[in-house]
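A short write-up of the structure that comes next.
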Amino acid sequence: MTSKQDIQKRSEEITQNYFLFLDRHISDVISGKATDFMEINQIASELFISHKHLTDTVQQETGHHPCHFYDLKIIDHAKKMLEETALPVSEIAKILTYDPSNFSKFFKKFTGQAPGTFRKNIS
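Residues 1 to 123 in the UniProt record's numbering are what the sequence shown spells out, letter by letter.
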């Protein structure tokens with residue numbers, strides 16, 4: 001018989017595995033080891049669980065959909081690249097597999113400013 005405590009522990013484990021997978025996967029995309037970002041259903045498959053189970057578990061554990069954290073982690077990497085490199089915004093967009101105009105919209109949605117403005121405001 002499975003206890004509530006066992007279920008909670010498994011939920012925490014699934015959520016933690018998801019976050020660890022995202023970190024590795026995003027690094028692989030940035031380094032060129034992976035050519036594109038995976039969909040949530042593909043990540044769930046890699047974690048040997050269903051898309052619905054991953055989504056429900058992460059949402060229950062955190063209060064947010066898995067995509068929320070995926071986007072935030074991509075934004076964190078984008079910010080780091082804007083701060084630590086002299087790469088043009090368009091090149092950072094390409095590295096992160098975005099069309100430059102879509103990347104600017106995506107970045108602004110999460111940070112409230114365009115990537116170029118973010119970079120100017122760092123110093």
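No residue lacks a Cβ here, since even glycine has one placed at the ideal position from N, Cα and C. Every value quoted in this text rests on a predicted model; they were computed, and no experiment measured them.
Alpha carbon of residue 112 to alpha carbon of residue 3, nearest angstrom: 44 Å
Under a Cβ-count criterion, where at least 16 other Cβ atoms within 10 Å of its own Cβ denotes burial, should residue 57 be classed as buried or exposed? buried
Can you say whether residue 78 is buried or exposed, counting buried as having 16 or more other CB atoms within 10 angstroms of its CB? buried
Can you give me the start and stop residues for the alpha helix (DSSP H) that residue 81 sits inside? 66-84
Residue 86, buried or exposed, once every other Cβ within 10 Å from all chains shown has been counted against 16: exposed
Under a three-way DSSP split, which group does residue 98 fall into? coil
Element boundaries [alpha helix (DSSP H), containing residue 46]: Its alpha helix (DSSP H) spans residues 40-46.
Do residue 124 and residue 95 have their C-beta atoms within less than 7 Å of each other? Since the first residue shown for the chain is 1 and the last is 123, residue 124 is missing from the structure and cannot be characterised.
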